[in-house]
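Working notes, structure below.
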Amino acid sequence: MADIVLDKVSKKFPDGTVAVADIDLEIADGEFVILVGPSGCGKSTTLNMIAGLEDISSGELRIDGQRVNDKAPRDRDIAMVFQSYALYPNMTVRENMAFPLRLAKLDKQTIDQKVQEAAKALELTALLDRKPANLSGGQRQRVAMGRAIVRQPKAFLMDEPLSNLDAKLRVQMRTVVSRLQKKLATTTVYVTHDQTEAMTLGDRVVIMRGGAIQQVGPPQELYDHPRNLFVAGFIGSPSMNFLHAAVEDGRLRTALGDLPIGDRVRRELEGGNAPRELILGIRPEHFEDAELVDDDTRRRGMEFEAPVDIVESMGSDKYVYFTVEGERASAAELEELAADSGADFAGAGSSLVTRLSAESTVAEGENRRVWFNLEKIHLFDPTNGRNLT
Ligand code: ATP
764 MADIVLDKVS KKFPDGTVAV ADIDLEIADG EFVILVGPSG CGKSTTLNMI AGLEDISSGE
824 LRIDGQRVND KAPRDRDIAM VFQSYALYPN MTVRENMAFP LRLAKLDKQT IDQKVQEAAK
884 ALELTALLDR KPANLSGGQR QRVAMGRAIV RQPKAFLMDE PLSNLDAKLR VQMRTVVSRL
944 QKKLATTTVY VTHDQTEAMT LGDRVVIMRG GAIQQVGPPQ ELYDHPRNLF VAGFIGSPSM
1004 NFLHAAVEDG RLRTALGDLP IGDRVRRELE GGNAPRELIL GIRPEHFEDA ELVDDDTRRR
1064 GMEFEAPVDI VESMGSDKYV YFTVEGERAS AAELEELAAD SGADFAGAGS SLVTRLSAES
1124 TVAEGENRRV WFNLEKIHLF DPTNGRNLT
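This is the structure:
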């Protein structure tokens, strides 16, 4: 096992593309870290540099305290799992899993024992004598993982290992990966563009954009305290709503009504560190049908009334889209974000997305009073995206 440290690591390709720019990241021994971000943000390049499949242009990579920039991949004692399983079709599951151990010239008894152990951990024991062609996609991916874990490497690197599986299988495999990582307690770096995978799997999540790290933290922290607009829009589904908020007469004027300004934002404004036009962010789950809110809860928020556009019943709750008067923060500010965030800003400029209780009797076409939680709002500086709350 090992810790992995990236110290000002950059990757510049020969054509001049800077895929990764000056990344600092410390991954603790045994930790499960997820690299997530939109397509092209540099996740795979980062992983490939750790694996030794890409040269590092500048900076230092240390595994277990040792500089490994110039070490060949096979000397780094790291196992990779890719989205394509790359199993040997002519070999059985047992032979596929034994392959790296045979290469390492272990004796037959040790190989048998290690394969049995890995098969047990991945619930593959009954399938050991099958060929890959006679396995399901999820089973094949488990064999690929088995082949990685038999070697007991210092670390696992996984690049979108579940993305070839259908949605249901992906959810099942998430728990397999999660359980396995906890059991083995081996340092793991996992790349995905799927924010649900990122939020559910890792101890810590690294959010990347344009070759740079935007924020690193435990999933809940990223959700509760996104450092900027990009992270706020990327984490959470449906995405956070963004609206214009103008500072006027000591209040915030928004399409949902005039909001009080919290102490922290007030200090930023008074110190001249924030503009007077801000962006208000509210997650869909922080709204509720005003009829369903008790008095205690009511005091922690505000209400507005708006026409109901669309109601989507999800069973456990309802996604309700409201048309709000005035402008939602959209076009100009969000265009750039929407282009490369992977977050869904499709509704920007038209409707407000809320997640209300299933008991709500809300109906399309009516006007409805809606409550939202003032303790959960975010305010962003549109000039640099910084979260001021
Ligand atoms: P995806 O989720 O689409 O796989 P990613 O976040 O893994 O994306 P990378 O594959 O790391 O992104 O690519 C980062 C950037 O580097 C992209 O702009 C990509 O076009 C560029 N890039 C990758 N490989 C090369 C290469 N061999 N030469 C030039 N540019 C490259």
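Residue numbers (our numbering): 764 to 1152.
A virtual CB, placed ideally from N, CA and C, is assigned to each residue, including glycine.
In this text the structure is predicted, and so the values were computed from the model without any measurement.
Check                                                                                                                                                              : Outcome
Would residue 853 be called buried (16 or more neighbouring beta carbons within 10 Å of its own) or exposed?                                                       : exposed
Among the candidates 1041, 783, 1060, whose CA atom is the shortest distance from the CA of residue 1049?                                                          : 1060
So, with DSSP's three-state summary, where would you put residue 915?                                                                                              : coil
Given a threshold of 16 other Cβ atoms within 10 Å of its Cβ, counted over all protein chains shown, does residue 867 qualify as buried or as exposed?             : exposed
Compare the Cα-Cα distances from residue 1084 to each of 929, 1076, 1071, 1135 and report the closest residue.                                                     : 1071
Taking 8 Å as the cut-off, is the beta-carbon of residue 773 closer than that to any non-hydrogen atom of ligand 1?                                                : no
Note down, in chain order, each residue of its chain lying with its Cβ closer than 8 Å to the Cβ of residue 1105, except the 5 sequence neighbours on either side. : A caution first: residue 1105 carries a pLDDT of 41, below 50, which makes its placement in the model unreliable, though a value can still be read off. Taken in chain order, the residues that qualify are 800, 801, 802, 956, 958, 997.
Residue 860 lies in the alpha helix (DSSP H); which residues open and close that run?                                                                              : 856-866
Exposed or buried, which one is residue 1130 when buried takes at least 16 other CB atoms within 10 Å?                                                             : exposed
I want to check one thing, is the minimum distance from the CB of residue 941 to the heavy atoms of ligand 1 below 8 Å?                                            : no
Quick one: residues in its chain with C-beta nearer than 7 Å to the C-beta of residue 1021, no 5 flanking neighbours on either side, listed in chain order?        : 1014, 1015
Going by DSSP, what residue range makes up the beta strand (DSSP E) through residue 843?                                                                           : 841-844
Round the Cβ separation of residue 971 and residue 824 to the nearest angstrom and send it over; I've been treating them as touching at under 8 Å.                 : Their Cβ separation, rounded to whole angstroms, is 17 Å, which puts residue 971 and residue 824 out of contact at 8 Å.
Rounded C-beta distance between residue 964 and residue 940? I'm assuming under 8 Å.                                                                               : 7 Å
Can you list the alpha helix (DSSP H) stretches of 4 or more residues lying completely in the stretch 998-1082, in chain order?                                    : 1026-1033, 1058-1062
Sort out for me which residues DSSP pairs residue 975 with in a bridge.                                                                                            : 972
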